[in-house]
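Colleague: Numbering (the numbering used here), first residue to last: 845 to 1830.
Built from N, CA and C at the ideal position, the CB exists for glycine as well.
My questions will all concern the structure given below.
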Amino acid sequence: MELILKNGLPHQDKGVQAVTNAFSVNSFSKNKVYYANPTLELDKEALLHNIKEVQKTNGIHPEYTALNGIQDYLNLDIKMETGTGKTYVHTATIFELHKQYKINKFIIVVPTLAIKAGTRQFIQDPYTKKHFKDVCGYGTEIELQVLDAAKKKKGKQFFPSAVREFVSGSSQNQNKIYVLLVNMALLTNSKMLKDQYDSGVEDFYKPVEGISATKPFLLIDEPHRFSKAQKTFEFITNEIQPQCIIRFGATYPTVTIGKGTAKKTIKDYHNLLYDLNACESFNQNLIKGIAKEHFEPLSKKEDKVKIMAIQSKTSAKFNLIQKEGPTKSFELKKGDSLSIISEEFEGIVIDAIGSNFIELSNGQTKSQGEEFSTDIYSSSYQEQMLKLAIDRHFETERINFDRKFKIKTLALFFIDDIYSYRQDEKSGKETYLKNTFERLLLEKINQVIPTLNKDTEKEYLEFLEGSKQDITACHAGYFSQDNSSSDEEIANEINEILFEKKKLLSIKKEDGSYNTRRFLFSKWTLKEGWDNPNVFTITKLRSSGSESSKIQEVGRGLRLPVDELGNRISNEEFKLNYIIDFTEADFADRLVKEINDELPKGFVITEEKLNEVAKKLEQDPDDLFIDLISKKYIDRKYNINIENQIQFFEEYPDFAMGLNSNKVVDRNTKKDKKIKIRPAVYNELKTLWEAINQKYVLFYDKIEEDNYLKEELVKLFEDNVFTDVIITSKRQVIQTTDDNQMMANEDSGVQYTISRPLPYSEFLKRINKQTNIPIQLIHEALISYAEKHSIDNDKINEFSAANFVSRFNDWKINKLQGRFSYSKSNIKLYGTKLSFPNGQPKEEITQGIIGTKFIEGTPVEKYLYDTYAYDSPLEKDNIQTVIDEVVVYGKIPRSSISIPTITGQSYSPDFMYVVKKTDGSKTLNIVVETKDVENQSTLRKIEEVKINCAKEFFKQLTIDGYTVEFHEQLNNKKIKQIVDEVLINN
845 MELILKNGLP HQDKGVQAVT NAFSVNSFSK NKVYYANPTL ELDKEALLHN
895 IKEVQKTNGI HPEYTALNGI QDYLNLDIKM ETGTGKTYVH TATIFELHKQ
945 YKINKFIIVV PTLAIKAGTR QFIQDPYTKK HFKDVCGYGT EIELQVLDAA
995 KKKKGKQFFP SAVREFVSGS SQNQNKIYVL LVNMALLTNS KMLKDQYDSG
1045 VEDFYKPVEG ISATKPFLLI DEPHRFSKAQ KTFEFITNEI QPQCIIRFGA
1095 TYPTVTIGKG TAKKTIKDYH NLLYDLNACE SFNQNLIKGI AKEHFEPLSK
1145 KEDKVKIMAI QSKTSAKFNL IQKEGPTKSF ELKKGDSLSI ISEEFEGIVI
1195 DAIGSNFIEL SNGQTKSQGE EFSTDIYSSS YQEQMLKLAI DRHFETERIN
1245 FDRKFKIKTL ALFFIDDIYS YRQDEKSGKE TYLKNTFERL LLEKINQVIP
1295 TLNKDTEKEY LEFLEGSKQD ITACHAGYFS QDNSSSDEEI ANEINEILFE
1345 KKKLLSIKKE DGSYNTRRFL FSKWTLKEGW DNPNVFTITK LRSSGSESSK
1395 IQEVGRGLRL PVDELGNRIS NEEFKLNYII DFTEADFADR LVKEINDELP
1445 KGFVITEEKL NEVAKKLEQD PDDLFIDLIS KKYIDRKYNI NIENQIQFFE
1495 EYPDFAMGLN SNKVVDRNTK KDKKIKIRPA VYNELKTLWE AINQKYVLFY
1545 DKIEEDNYLK EELVKLFEDN VFTDVIITSK RQVIQTTDDN QMMANEDSGV
1595 QYTISRPLPY SEFLKRINKQ TNIPIQLIHE ALISYAEKHS IDNDKINEFS
1645 AANFVSRFND WKINKLQGRF SYSKSNIKLY GTKLSFPNGQ PKEEITQGII
1695 GTKFIEGTPV EKYLYDTYAY DSPLEKDNIQ TVIDEVVVYG KIPRSSISIP
1745 TITGQSYSPD FMYVVKKTDG SKTLNIVVET KDVENQSTLR KIEEVKINCA
1795 KEFFKQLTID GYTVEFHEQL NNKKIKQIVD EVLINN
């Protein structure tokens, strides 16, 4: 399989464009030597203007724009949450900077060897190269040089070949971009770059001098590891001296500013151009949601052990602090068992004693003064955590296997004691964790197999039978000590985990047998720099309650999954199961707080937002304000009361801000609700359901006959498409008012026309990429246009291309209505969100695709599901409305019906009903689209067009022999009215 890369994803394009739009062609002058980049002119006024325009476009908060500035180099920051495609974006940025501004010398600096390996693997992957060269149309390749630590050897040391190749690469070669990949340690701890060699490159005998002479653009990954006070950053700015530093990361370092009471700690952003924070990433479904879960302590004793003192590296003094009993003191030496203190520590021995710490046989190090709970060390507690992780894994795996294109489901376990999993040949210690896991896994497989349907779940049955035959093959581990192991089997495990992501994601091996490896064990070695999109469960065994970033902890499992063909699944909601011990019971609350604390505005309602919502609700703003205060949703300063925020956002969803409440779930306080499909109700709906799931193809009627489309394109070009590139200044004058207050008043600025043309071929490609109009047809239309109009070369620019795309999208909506039709395809109905390929209903459905909110109680018998779930107040009203004439009804799973539309987007309605006349004489089918707006004029044009397309689709369905009434429902219309109208008209 190949991991399918997609270009044109809006959240990634914004990151790339943010960087490229910070420059203009006038920002650079030609290079003077063949091996150097063009020179970046540090025109602070022009660059800061560009930066502010980008920040305005991307909605960067004033709190961050206040940190803008330019030093001896230009720094640009791109913030993207873990799992949103940061590596793809910084690679695409390299290609785009080369394409637009001829920059072809880049350095990528990463903090760790693991991240270095991942970056190297991504850039050098043949599929990645093909994607950027051909699919994206850059027509060029990255020549990656990887700087590795030199092996120590006697005799003469040679100039690093990676540096030689990087420096000597020619800017005259337009088909090559030269990139040097280096890890942090080589910039600070190694003499390799600073040493003088007998031979060099281009008269440079110190590698760092040669690198600096290329005038590189330098990209930093994981900027929180590179604070500006560190030696690494100083080496970058003082020795490498890049023209531009671009930092890409989810987390940034902090700095302290101010003194006394004004002292505060802020994120060290410097020209932040794009802020795709955790909140936005979760809310836009760019990453998985999180479901945290823990067990309460088994004994409920809540006893703790504290290391009171270390005695000359020979012994350690401990206090057992008992909740219901006296504190007891113990002194233990190397080799003593901690079970002397408490039986929960059975099997854990002191391996070593340092000056202020002890090392335990489970791999943990504990420092003097540290406290730790006894309960989390009991083997029975660990076993229950493993059992829970396996249960959650199988819940997800069964759903993911039941797809047309399956998803290989992985689970990741972080452990402290390496030798509880990996055999220690010296001690012969029992691998108790591995043995327990294998026993529990086998028990679970034996439990699941009898519940599987031999017809509809045949492949999953075979997969589990294969797992059962070789339990050891189902799991693998990677630990830092493994790097020095000579065991071939261990080497194969490591290779698959670290370097063969595609193999790990494959359900079958090359020989056709099942690849059952899906449970991975590590000691935080995979914590940073490694990720796999199909990790659905992470279990932290024997946690010490780390104070590290909560979002960083779950980062390894946040990416959206890919199916067996390598396609990323982005139209569904997924949850990462995160299982921890009771010492981190507040993890979900802390994670939500961390995410919301990152937002610049905090939980404050603005006056503008209050007026906007009041207008929508047709209320006086003062009355709404009083209402919010009286319900204690806000205080007098417009701050939202955190303790009432969930009720507030449910009652007033228009005020929604911060992290959506369903994105991080604590399963200990909010139990999972399984939504079951009622078979009897489904059988009543089956014919309707299968009819609306038939695949139809959208055809445009005669738009290319008689040159119709070409002539329409010419008309679009005549509609003031061609324009100059205008740069505008924003002027404010500081004035004193009559009451001696200072105010900044808007004044008239200036506008300048700048020359920024695109090559003609690029102009055509940009339009083609965004409209799918064949390049040849665009070219022919432009030739026809040019016969009557002259085209200034400067007006073949990105603004003109954008104007045309906008005109074309409007034209499609206005002119293609009535010029399209639907035709039933021959594609067989494989299976649906509600049913198996054989037509039988599924037992359960994923809650997230039905609704995120619940109504307590048991639904009426005619409702499709055993649980009421909804998203909007209008949906809630529909679900709870009982209508005598309705035989059965149900909410249509989100994105389950894919009706193609002329907007280029697919469409899926919300409700389906089967109704009978009161005399039982006729059965009718109704499909309803709900829109939570008051009237038709409030609907966005694009939504209106989608609904019109749906009307045509259902008309064609009726022509093809199955009658369905399609209706749209706005806020001011009840579902009972729609049903009554259908009955009257039929």
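Mind checking Asn-1483: buried by the 16 CB within 10 Å criterion, or exposed?
Modeller: Counting from 1 along the sequence shown, the entry for residue 1483 is found at position 639. The residue is exposed, with fewer than 16 neighbouring Cβ atoms inside 10 Å.
Colleague: Take the Cβ of Ile-1382 as the centre, count every other Cβ of all protein chains shown within 10 Å, and call the residue buried at 16 or more, exposed below.
Modeller: To locate residue 1382, count along the sequence shown from 1; it is residue 538. Ile-1382 is buried by the Cβ-count criterion.
Colleague: To which residues does DSSP link Arg-1091 through a beta bridge?
Modeller: In the sequence shown, counting from the first residue as 1, residue 1091 sits at position 247. Bridge partners of Arg-1091: Asp-921 and Ile-1064.
Colleague: Kindly indicate the opening and closing residues of the beta strand (DSSP E) around Leu-1768.
Modeller: Counted from its first residue, the sequence shown places residue 1768 at position 924. Counting along the chain, the beta strand (DSSP E) containing Leu-1768 begins and ends at 1767-1774.
Colleague: Can you tell which of Val-953, Ile-1243 and Asn-1115 has its C-alpha closest to the C-alpha of Lys-900?
Modeller: If you number the sequence shown from 1, residue 900 lands on position 56. Considering only alpha carbons, the answer is Asn-1115.
Colleague: If you reduce the DSSP assignment to three classes, tell me which class Phe-1680 lands in.
Modeller: Reading the sequence shown from its first residue, position 836 is the one you call residue 1680. Coil at Phe-1680, not helix or strand.
Colleague: Report the rounded CA-to-CA distance for Lys-1817 versus Leu-1532, giving the unit in angstroms.
Modeller: Walking along the sequence shown from the start, residue 1817 turns up at place 973. Walking along the sequence shown from the start, residue 1532 turns up at place 688. So the two alpha carbons sit approximately 24 Å from each other.
Colleague: Write down the C-beta distance between Gln-1553 and Leu-1621 rounded to the nearest angstrom, noting that I regard them as a contact closer than 8 Å.
Modeller: By 1-based counting over the sequence shown, the position of residue 1553 is 709. By 1-based counting over the sequence shown, the position of residue 1621 is 777. Note that residue 1553 corresponds to Leu in the displayed sequence, not to Gln. Confirmed, about 7 Å.
Colleague: Take every Cβ of the segment 976-995, pair it with every Cβ of the segment 1018-1034, and state whether three or more of those distances are shorter than 8 Å.
Modeller: The answer is yes - the segment 1018-1034 touches the segment 976-995, with three or more Cβ pairs under 8 Å.
Colleague: What is the DSSP secondary structure of Arg-1663, counted as helix, strand or coil?
Modeller: Taking the sequence shown and counting its residues from 1, one reaches residue 1663 at position 819. Residue state, collapsed to three classes: coil.
Colleague: Going by beta-carbon coordinates alone, are Glu-1796 and Tyr-1666 separated by less than 8 Å?
Modeller: On the sequence shown, position 952 is the one that residue 1796 refers to. On the sequence shown, position 822 is the one that residue 1666 refers to. Going by C-beta atoms, Glu-1796 is nearer than 8 Å to Tyr-1666.
Colleague: Can you tell me the Cα-Cα spacing of Arg-1236 and Asn-1421, whole angstroms?
Modeller: Within the sequence shown, residue 1236 is the residue found at index 392, counting from 1. Within the sequence shown, residue 1421 is the residue found at index 577, counting from 1. In a straight line, the C-alpha of Arg-1236 is about 7 Å away from that of Asn-1421.
Colleague: Just checking: is the beta-carbon of Ala-958 within a distance shorter than 8 Å of some beta-carbon in chain D?
Modeller: No chain D appears in the structure shown, which is made up of a single protein chain.
Colleague: Applying the 10 Å Cβ sphere with the 16-neighbour rule, what's the burial state of Tyr-1263?
Modeller: Taking the sequence shown and counting its residues from 1, one reaches residue 1263 at position 419. By the neighbour-count rule (16 or more Cβ atoms within 10 Å), Tyr-1263 is buried.
Colleague: Taking DSSP as the reference, what is the three-state secondary structure of Gln-1016?
Modeller: Locating residue 1016 in the sequence shown gives position 172, counting from the first residue. Looking at Gln-1016 - three-state DSSP - the assignment turns out to be coil, as it is neither helix nor strand.
Colleague: Ala-875 to Ala-862, Cα distance in whole Å?
Modeller: One-based indexing of the sequence shown puts residue 875 at position 31. One-based indexing of the sequence shown puts residue 862 at position 18. In the sequence under discussion, the amino acid at residue 875 is Asn, which differs from the Ala named in the question. Approximately 24 Å, taken between the alpha carbons.
Colleague: Quick one: what's got a C-beta closer than 7 Å to Phe-1469's C-beta in the same chain, skipping five residues either side?
Modeller: The count along the sequence shown starts at 1 and reaches residue 1469 at position 625. Within the same chain, Phe-1469 has close Cβ partners Leu-1454.
Colleague: Taking just the CA atoms, how far does Gly-913 sit from Leu-1838?
Modeller: As shown, the chain starts at 845 and ends at 1830. That puts residue 1838 outside it, with no answer to give.
Colleague: Helix, strand or coil for Asn-1244 per DSSP?
Modeller: For this step, residue 1244 is matched to residue 400 along the sequence shown. If DSSP states are grouped into helix, strand and coil, Asn-1244 belongs with the helices.
Colleague: What residue range does the beta strand (DSSP E) around Ile-1611 cover?
Modeller: Within the sequence shown, residue 1611 is the residue found at index 767, counting from 1. Element bounds for Ile-1611: not the beta strand (DSSP E) but the alpha helix (DSSP H), 1604-1615.
Colleague: Is the separation between the beta-carbon of Lys-974 and that of Asn-902 shorter than 8 Å?
Modeller: Along the sequence shown, one-based indexing puts residue 974 at 130. Along the sequence shown, one-based indexing puts residue 902 at 58. Their beta carbons are not under 8 Å apart, which means Lys-974 does not touch Asn-902 by this criterion.
Colleague: Going by beta-carbon coordinates alone, are Asn-1378 and Ile-1243 separated by less than 8 Å?
Modeller: Reading the sequence shown from its first residue, position 534 is the one you call residue 1378. Reading the sequence shown from its first residue, position 399 is the one you call residue 1243. Not a contact, by the Cβ cut-off of 8 Å.
Colleague: Give the secondary structure of Phe-1257 by DSSP, where H, G and I count as helix, E and B as strand, and everything else as coil.
Modeller: Residue numbering aside, residue 1257 sits at position 413 when the sequence shown is read from its first letter. Phe-1257 falls in the strand class under three-state DSSP.
Colleague: Please report how far the alpha carbon of Cys-1793 lies from the alpha carbon of Phe-1566, in whole angstroms.
Modeller: In the sequence shown, counting from the first residue as 1, residue 1793 sits at position 949. In the sequence shown, counting from the first residue as 1, residue 1566 sits at position 722. Going by the C-alpha atoms only, they are around 32 Å apart.
Colleague: Are the CB atoms of Ile-1084 and Pro-1060 nearer to each other than 8 Å?
Modeller: Residue numbering aside, residue 1084 sits at position 240 when the sequence shown is read from its first letter. Residue numbering aside, residue 1060 sits at position 216 when the sequence shown is read from its first letter. Yes, these two residues count as a Cβ contact at 8 Å.
Colleague: Taking all protein chains shown into account, do 16 or more other C-beta atoms lie within 10 angstroms of the C-beta of Glu-1301, making it buried, or fewer, making it exposed?
Modeller: Looking up residue 1301 in the sequence shown gives position 457. Buried, by the Cβ-count rule.
Colleague: Comparing C-alpha positions only, which one of Gln-1228, Thr-1360 and Lys-1273 sits nearest to Thr-1253?
Modeller: Reading the sequence shown from its first residue, position 409 is the one you call residue 1253. Thr-1253 has its Cα closest to that of Thr-1360, out of Gln-1228, Thr-1360 and Lys-1273.
Colleague: Which value, in whole angstroms, describes the spacing of the CA atoms of Asn-1584 and Ala-866?
Modeller: Translated into positions along the sequence shown, residue 1584 becomes position 740. Translated into positions along the sequence shown, residue 866 becomes position 22. Caution applies to Asn-1584, whose pLDDT of 43 falls short of 50 and renders its modelled position unreliable; the model cannot decide the point.
Colleague: Give me the DSSP bridge partner(s) of Lys-1108.
Modeller: Locating residue 1108 in the sequence shown gives position 264, counting from the first residue. BP columns for Lys-1108 point to Ile-1101.
Colleague: Hey, could you find the ends of the alpha helix (DSSP H) Ser-1125 is sitting in?
Modeller: Here residue 1125 refers to the residue found at position 281 of the sequence shown. First-last of the alpha helix (DSSP H) with Ser-1125: 1122-1127.
Colleague: Quick check on this structure: which residue in Asp-1563, Tyr-1712 and Asn-1722 has the alpha carbon closest to the alpha carbon of Ala-1646?
Modeller: Along the sequence shown, read from residue 1 onward, the residue named residue 1646 stands at position 802. Checking every option, the nearest Cα to that of Ala-1646 belongs to Asp-1563.
Colleague: Whole angstroms is fine: what's the gap from Leu-847's alpha carbon to Asn-1411's?
Modeller: What you label residue 847 is simply residue 3 of the sequence shown in a count that begins at 1. What you label residue 1411 is simply residue 567 of the sequence shown in a count that begins at 1. Answer to the nearest angstrom: the Cα atoms are 7 Å apart.
Colleague: Where does Thr-926 land, buried or exposed, given buried means 16+ other C-beta within 10 angstroms?
Modeller: Locating residue 926 in the sequence shown gives position 82, counting from the first residue. So Thr-926 ends up on the buried side.
Colleague: Could you give the DSSP three-state label for Phe-1543: helix, strand or coil?
Modeller: As a position in the sequence shown, residue 1543 is number 699, starting the count at 1. Correct three-state label for Phe-1543: strand.
Colleague: Quick check on DSSP: helix, strand or coil for Arg-1600?
Modeller: Within the sequence shown, numbered from 1, the residue matching residue 1600 stands at position 756. Coil.
Colleague: Alpha carbon to alpha carbon, how far is Ser-1573 from Val-898?
Modeller: For this step, residue 1573 is matched to residue 729 along the sequence shown. For this step, residue 898 is matched to residue 54 along the sequence shown. Caution applies to Ser-1573, whose pLDDT of 47 falls short of 50 and renders its modelled position unreliable; the value that the coordinates give is listed next. The straight-line gap from Cα to Cα measures roughly 14 Å.
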